[in-house]
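Asks: For reference, the structure I am asking about is given below.
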Amino acid sequence: MRHLIDPTDLTTNEVEELMNRAIDIIGHPARYAEVCHGKKLATLFYEPSTRTRLSFTSAMMELGGQVLGFSDARSSSVSKGETVADTVRVVSCFADIIAMRHYKEGAPRVASEFSRIPIINAGDGGHSHPTQTLTDLLTIRRELGHFDHLTIGLCGDLKYGRTVHSLIKAMNRYDGTRFVLISPPELRLPDYMKHELYVDGKPDFVEVNTLEEAMPMLDVLYMTRVQQERFADLSEYERLKDSFILDEERMRLGKESMIVLHPLPRVNEITTGVDKDRRAAYFRQVENGKFVRMALIYTLLQWKEEERKGETPDVGRYDMICSNDRCITATEPVERKFYKDKDGVLRCHYCDHAV
Ligand code: NCD
6 MRHLIDPTDL
16 TTNEVEELMN
26 RAIDIIGHPA
36 RYAEVCHGKK
46 LATLFYEPST
56 RTRLSFTSAM
66 MELGGQVLGF
76 SDARSSSVSK
86 GETVADTVRV
96 VSCFADIIAM
106 RHYKEGAPRV
116 ASEFSRIPII
126 NAGDGGHSHP
136 TQTLTDLLTI
146 RRELGHFDHL
156 TIGLCGDLKY
166 GRTVHSLIKA
176 MNRYDGTRFV
186 LISPPELRLP
196 DYMKHELYVD
206 GKPDFVEVNT
216 LEEAMPMLDV
226 LYMTRVQQER
236 FADLSEYERL
246 KDSFILDEER
256 MRLGKESMIV
266 LHPLPRVNEI
276 TTGVDKDRRA
286 AYFRQVENGK
296 FVRMALIYTL
306 LQWKEEERKG
316 ETPDVGRYDM
326 ICSNDRCITA
336 TEPVERKFYK
346 DKDGVLRCHY
356 CDHAV
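Each residue of the sequence shown is one higher than the one before, starting from 6 at the first, in my numbering.
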């Protein structure tokens, strides 16, 4: 059975299939109004979310399906100490598909190993957020028309920003993608992500210190908020939160054809004055999120019926533990699995951290 845990769980052809489906839904919503009649989506949100959860909910409603679930782990059995594995085994009896957000990295991967229905990762800790990435891709596709030879500036919290990690993984598969990384030194991309951008041992990205330097190069500027909730030391957050602010003056340095994306919520990294610039695509992006989630729910349910298979991950069991304390394996009794990346580094199957 197919799940969506990491953006690379989908081949580029399957991404294309989803994009086309989303565009068909946009053009012919009435055709899809009943396709999920009688089906239920369970939204299991262990971490606060408004837009992602509402986006999933409205997507399922527009497909004619129903939605159940929780938006606060304290109101579920989790507060009684239930494991993710048990929760999904139970929910598999009540729903047809699950969207899960969790503060532990790798939790949706664990869920997929115990579930009888498809699992969609709606964000796991600072790790990954594949449906935001599909949203970003649909926006790029609708605004720019293609994915090849794009220079993408990633700005803000590249350390904890899971949307950034997933977007890099997805865009890195297209021809000629170039990344420009714009972040304070403390919030640079983690090593397990950076290694993805090395080609023959050399970095295939540029790191710059100011937005001004980056602006003229970019086709896409991806702004992110500094992830306050992942800081152990709040004074560190206060010091870093306003590191990069996109305003009208900086927008003047960008190409006419550039687009600005942001997964939202925005704190103050984009001034409201930028909103009226037609290159500001972040509110159009929100709408695309609903359409792409409609396409995803519809497609995963269809693949389940067709029994379409994906690739089985090449993992091994080693007598080791993952060193990432935010990894789900630190708190749940699951089998420890590791894989070797393209450079031969052993990484946790659940959170991708090197061991
Ligand atoms: C992002 C998330 O939750 O990771 N938002 C979202 O899904 N729309 C980004 C964020 O919280 O800053």
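Positions of the beta carbon are idealized from the N, C-alpha and C atoms, including for glycine. Everything numeric in this text was worked out from a predicted model, so none of it was measured.
Scan the region 268–348 and note each continuous alpha helix (DSSP H) run of 4 residues or more that stays entirely inside, going in chain order.
Replies: Correct list: 287–311.
Asks: Measuring straight from C-alpha to C-alpha, what distance separates Glu-179 and Val-20?
Replies: The residue given as residue 179 occupies position 174 in the sequence shown. The residue given as residue 20 occupies position 15 in the sequence shown. Here residue 179 is Tyr; the residue named in the question, Glu, does not match the sequence. For Tyr-179 and Val-20, the distance between alpha carbons rounds to 12 Å.
Asks: With the cut-off set at 8 Å, would you say Leu-269 and Arg-58 are in Cβ contact?
Replies: Residue numbering aside, residue 269 sits at position 264 when the sequence shown is read from its first letter. Residue numbering aside, residue 58 sits at position 53 when the sequence shown is read from its first letter. In this structure, Arg-58 does not lie closer than 8 Å to Leu-269 by Cβ.
Asks: Run the proximity test for Pro-270: is its beta-carbon closer than 7 Å to any non-hydrogen atom belonging to the ligand NCD?
Replies: Here residue 270 refers to the residue found at position 265 of the sequence shown. Yes, since a heavy atom of the ligand NCD falls inside the 7 Å radius drawn around the Cβ of Pro-270.
Asks: Report the residue from Pro-113, Thr-182 and Arg-26 whose alpha carbon sits nearest the alpha carbon of Leu-49.
Replies: Residue mapping note: residue 49 aligns to position 44 of the sequence shown, counting from 1. Closest in alpha carbon position to Leu-49, among Pro-113, Thr-182 and Arg-26, is Pro-113.
Asks: What is the DSSP secondary structure of Glu-212, counted as helix, strand or coil?
Replies: Within the sequence shown, residue 212 is the residue found at index 207, counting from 1. If DSSP states are grouped into helix, strand and coil, Glu-212 belongs with the strands.
Asks: Going straight from the alpha carbon of Gly-74 to that of Ser-60, what length do you get?
Replies: Looking up residue 74 in the sequence shown gives position 69. Looking up residue 60 in the sequence shown gives position 55. Their Cα atoms are separated by approximately 14 Å.
Asks: Which term fits Asn-293, buried or exposed, when burial requires 16 or more other beta carbons within 10 angstroms of its beta carbon?
Replies: The count along the sequence shown starts at 1 and reaches residue 293 at position 288. Answer is buried; the Cβ neighbour count reaches 16.
Asks: Closest by CA to Cys-160, which one among Arg-235, Met-220 and Cys-332?
Replies: Position 155 of the sequence shown, counted from the start, is the residue given in the question as residue 160. The option with the nearest alpha carbon to Cys-160 is Met-220.
Asks: For Gly-166 and Phe-119, what's the separation of their Cα atoms in angstroms?
Replies: By one-based count along the sequence shown, residue 166 stands at place 161. By one-based count along the sequence shown, residue 119 stands at place 114. So the two alpha carbons sit approximately 27 Å from each other.
Asks: From Ile-326 to Thr-334, what does the alpha carbon distance come to, in whole angstroms?
Replies: Position 321 of the sequence shown, counting from 1, holds the residue named residue 326. Position 329 of the sequence shown, counting from 1, holds the residue named residue 334. Going by the C-alpha atoms only, they are around 8 Å apart.
Asks: Between which two residues does the alpha helix (DSSP H) holding Leu-20 run?
Replies: Counted from its first residue, the sequence shown places residue 20 at position 15. The residue asked about is misnamed: residue 20 is Val in this sequence, not Leu. Taken as a continuous stretch (DSSP letters only), the alpha helix (DSSP H) holding Val-20 covers 17–32.
Asks: Looking at C-alpha atoms only, which residue of Ile-102, Val-89 and Leu-149 is the closest neighbour of Asp-129?
Replies: One-based indexing of the sequence shown puts residue 129 at position 124. Selected option, being the one with the closest Cα: Val-89.
Asks: Quick one: does Lys-342 have its CB under 8 Å from some CB of chain C?
Replies: No chain C appears in this structure, which consists of one protein chain only.
Asks: Check each candidate in Gly-158, Arg-255, Asp-209 and Met-176 and name the one with the smallest Cα separation from Ile-187.
Replies: Numbered from its first residue, the sequence shown carries residue 187 at position 182. Taking only the C-alpha atoms, the option nearest Ile-187 is Gly-158.
Asks: So Val-231 packs on Lys-246, CB below 8 Å; how close in whole Å?
Replies: Here residue 231 is taken as the residue at index 226 of the sequence shown, counted from 1. Here residue 246 is taken as the residue at index 241 of the sequence shown, counted from 1. With 8 Å as the limit, Val-231 and Lys-246 qualify as a contact, their Cβ atoms being about 5 Å apart.
Asks: Quick check: the region 301–309 against the region 335–346, are there 3 or more CB pairs under 8 Å?
Replies: no
Asks: Please give me, in chain order, every unbroken run of the alpha helix (DSSP H) with length at least 4 that falls completely inside the region 36–108.
Replies: 56–67 and 89–96
Asks: Is any heavy atom of the ligand NCD found at a distance shorter than 7 Å from the C-beta of His-170?
Replies: To locate residue 170, count along the sequence shown from 1; it is residue 165. No; taking the cut-off as 7 Å, the Cβ of His-170 has no heavy atom of the ligand NCD nearer than that.
Asks: Measure how close the beta-carbons of Ser-328 and His-358 come, nearest whole angstrom, since I'm counting them as under 8 Å.
Replies: Position 323 of the sequence shown holds residue 328. Position 353 of the sequence shown holds residue 358. Right, the Cβ-Cβ distance comes to about 7 Å (below 8 Å), so this counts as a contact.
Asks: Considering just the uninterrupted stretch of the alpha helix (DSSP H) at Leu-159, what are its terminal residues?
Replies: Against the sequence shown, residue 159 aligns to sequence position 154. Careful: Leu-159 lies outside any alpha helix (DSSP H), inside the beta strand (DSSP E) at 156–160.
Asks: For Leu-169, report the span of its alpha helix (DSSP H) as first-last.
Replies: The count along the sequence shown starts at 1 and reaches residue 169 at position 164. The identity of residue 169 in the sequence shown is Val, whereas the question assumes Leu. Where Val-169 is concerned, the enclosing alpha helix (DSSP H) stretches over 167–176.
Asks: Quick one, which of Gln-233, Glu-67 and Met-228 has its alpha-carbon nearest Glu-39's?
Replies: As a working mapping, residue 39 is identified with position 34 in the sequence shown. The shortest C-alpha separation from Glu-39 is found at Glu-67.
Asks: Could you check whether the region 226–243 touches the region 198–205, counting it as contact only if at least three pairs of C-beta atoms, one from each stretch, sit closer than 8 Å?
Replies: no
Asks: Thr-387 and Ala-286: beta carbons closer than 8 Å?
Replies: Here the chain covers residues 6 to 360 and nothing more, so residue 387 does not appear.
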